[in-house]
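Just so you know, we're using this note's numbering here: the sequence shown kicks off at 10 and counts up by one. C-beta: ideal position from N, C-alpha, C; glycine also. One structure is given below, encoded as structure tokens.
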Amino acid sequence: MPQDSAHLRKPLSFVRRSNKLKPSYQRSWDAALGQELLDVPHGDRDTSVAPGFSIDWEAEYSRFGGRGNAPLIVEIGSGSGEAVSAAAANNPKTNFLAIEVYRPGAAQLAARIRREGLTNVRVACIDAVELMDHLLPAASVAELWIFFPDPWHKKKHNKRRLVQPAFVEKAARVIAPGGRWRLATDWSDYAVQMREVISASSSFTNPHAGERTGEESALTRVRLEDLDARSLGKETHPRPLEEALDHEGGWAPRFEGRVLTDFEAKALNVGRQIFDLTYLRSE
Numbered sequence: 010m011p012q013d014s015a016h017l018r019k020p021l022s023f024v025r026r027s028n029k030l031k032p033s034y035q036r037s038w039d040a041a042l043g044q045e046l047l048d049v050p051h052g053d054r055d056t057s058v059a060p061g062f063s064i065d066w067e068a069e070y071s072r073f074g075g076r077g078n079a080p081l082i083v084e085i086g087s088g089s090g091e092a093v094s095a096a097a098a099n100n101p102k103t104n105f106l107a108i109e110v111y112r113p114g115a116a117q118l119a120a121r122i123r124r125e126g127l128t129n130v131r132v133a134c135i136d137a138v139e140l141m142d143h144l145l146p147a148a149s150v151a152e153l154w155i156f157f158p159d160p161w162h163k164k165k166h167n168k169r170r171l172v173q174p175a176f177v178e179k180a181a182r183v184i185a186p187g188g189r190w191r192l193a194t195d196w197s198d199y200a201v202q203m204r205e206v207i208s209a210s211s212s213f214t215n216p217h218a219g220e221r222t223g224e225e226s227a228l229t230r231v232r233l234e235d236l237d238a239r240s241l242g243k244e245t246h247p248r249p250l251e252e253a254l255d256h257e258g259g260w261a262p263r264f265e266g267r268v269l270t271d272f273e274a275k276a277l278n279v280g281r282q283i284f285d286l287t288y289l290r291s292e
């Protein structure tokens with residue numbers, strides 16, 4: 010059996026819905042490849058990393074007049090880059106690495122970076138797990154951002170969710186002591202899963218533990234009116250207050266560095282609540 014066969018059977022946190030680029034995106038891809046868009050040779054999958062390949066991150070970010078020794082923020086699932094490009098423009102002394110497995114999104118993001126003249130952002134169109142396992146050195150990341158990952162609603166698909174105990178271990182390896190892990194989701198059950206699996210790790214502490222509990226918790230509001238089901242147009246099953254109360258809390262205030270994207274605005278418009286979480290990597 011080939012060495013990677015077992016790995017390839019592991020459930021991925023994404024499905025490549027379309028890999029085809031329309032002509033304008035293809036032009037953006039070709040122009041950015043090896044520049045803003047990292048040219049990463051792939052293994053058996055086109056989102057994997059070829060064995061033995063590595064990146065000198067200091068040299069990479071020193072190109073185009075950037076700063077190779079600046080703090081590094083990694084965003085997983087950047088989409089077309091609304092959030093990361095705005096953050097990079099507002100923080101020119103920080104380096105950003107945007108991970109996006111969908112080629113059209115990565116092409117759009119690379120074009121946006123070039124159009125806005127941002128020298129402190131690189132885009133990688135690879136699986137985030139591959140990146141963390143093979144390309145990021147230990148304790149190299151100042152902040153890890155995961156905003157609105159695919160929730161994989163069906164219970165039989167929950168195993169595909171990115172934030173799982175094994176992934177928490179990978180995050181603990183790459184985030185520097187004292188670094189931050191910021192997350193956001195608009196689905197309450199995924200928010201609870203994130204809170205449970207990260208809080209269970211001795212590698213992370215929640216600086217907002219015990220905050221936003223009870224009636225102040227977005228989770229309580231969701232449960233009281235079954236807002237997730239309502240937003241999907243499904244039959245709702247509201248809970249009485251005593252059953253709906255979130256006694257644990259631990260939710261962070263909205264991260265000011267995350268711009269309001271079209272995706273988040275749409276979630277709010279249909280009545281979903283936004284859950285922010287922040288964890289500190291233990292010293």
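Please report the distance separating the alpha-carbon of residue i from that of residue j.
i      : j      : result
Arg54  : Gln35  : 20 Å
Glu225 : Thr194 : 17 Å
Asp13  : Leu144 : Caution is warranted here: a pLDDT of 42 is assigned to Asp13, below 50, making its placement in the model unreliable, and no coordinate value can be reported.
Ser197 : Arg239 : 13 Å
Pro50  : Phe62  : 7 Å
Ser2   : Asn78  : The first residue shown for the chain is 10 and the last is 292, placing residue 2 beyond what the model contains.
Asp136 : Arg112 : 12 Å
Glu139 : Arg170 : 15 Å
Lys102 : Leu254 : 42 Å
Phe284 : Arg124 : 32 Å
Ala227 : Leu30  : 39 Å
Phe293 : Ile155 : With the chain represented from 10 up to 292, any question about residue 293 goes unanswered, as that position is not in the structure.
His217 : Arg182 : 22 Å
Ile64  : Asp159 : 28 Å
Lys164 : Trp260 : 24 Å
Glu273 : Leu241 : 15 Å
Ala209 : Val58  : 30 Å
Lys168 : His162 : 10 Å
Ala276 : Arg72  : 38 Å
Tyr288 : Ser33  : 39 Å
Pro60  : Ser37  : 27 Å
Asp39  : Phe157 : 28 Å
Cutting at 6 Å between CB atoms, please list the residues of its own chain near residue i, excluding the five before and the five after it.
i      : result
Gly266 : Ala96
Glu220 : Gly258
Ala148 : Ala185
Asn278 : none
Gly52  : Ala59
Compare the Cα-Cα distances from residue i to each of the options and report the closest residue.
i      : options                     : result
Gln172 : Met203, Pro186, His143      : Per the sequence shown, residue 172 should be read as Val rather than Gln. Residue Met203 is the option with its Cα nearest to Val172.
Leu286 : Arg263, Val279, Ala274      : Arg263
Leu81  : Trp66, Ser57, Glu251        : Trp66
Leu106 : Phe73, Leu47, Pro60, Phe157 : Leu47
Asn99  : Tyr288, Val268, Ser37       : Val268
Leu192 : Asp39, Thr56, Ile85         : Ile85
Thr56  : Phe157, Asp142, Leu236      : Asp142
Val83  : Pro146, Glu244, Asp237      : Pro146
So residue i packs on residue j, CB below 8 Å; how close in whole Å?
i      : j      : result
Pro247 : Glu234 : 5 Å
Thr214 : Glu257 : Contact doesn't hold; Cβ gap of about 15 Å is too wide.
Ala119 : Ala68  : Wrong, their Cβ atoms sit about 19 Å apart, outside the cutoff.
Cys134 : Glu152 : That pair is no contact at about 21 Å.
Gly188 : Val150 : 6 Å
Gly88  : Gly126 : At roughly 20 Å, the Cβ-Cβ gap does not stay under 8 Å, so Gly88 and Gly126 are not in contact.
Gln282 : Arg230 : 6 Å
Ala92  : Thr270 : 6 Å
Please work out which residues of its chain come closer than 8 Å, Cβ to Cβ, to residue i, disregarding the five sequence neighbours upstream and downstream, and give them in chain order.
i      : result
Ile122 : Ala41, Glu45, Gly90, Ser94, Ala97, Val130, Val132
Arg76  : Tyr70, Lys102, Asn104, Asn129
Val201 : Leu228
Glu252 : Arg232
Glu244 : Ala238
Return the chain-ordered list of same chain residues with a C-beta closer than 7 Å to the C-beta of residue i, the five sequence neighbours on each side being excluded.
i      : result
Ala180 : Leu153, Trp190
Val206 : Val172, Gln173, Pro174, Val177
Ser212 : Ala181, Arg290, Ser291
Tyr199 : Pro160, Arg170
Gly280 : Leu236, Arg239, Ser240
Gly74  : Thr128
For chain D, check one thing: does any of its Cβ atoms lie closer than 9 Å to the Cβ of residue i?
i      : result
His256 : Here there is only one protein chain, and chain D is not present.
With a floor of 4 residues, list each alpha helix (DSSP H) that falls wholly inside the stretch 59-106, ordered by position along the chain. 66-71, 91-99
Unbroken beta strand (DSSP E) runs of length 3 or more, entirely within the stretch 101-188: which are they? 104-108, 130-133, 150-156
Pick out the complete alpha helix (DSSP H) segments inside the stretch 218-261, 4 residues or longer, and give them in chain order. 227-234, 236-240, 250-253
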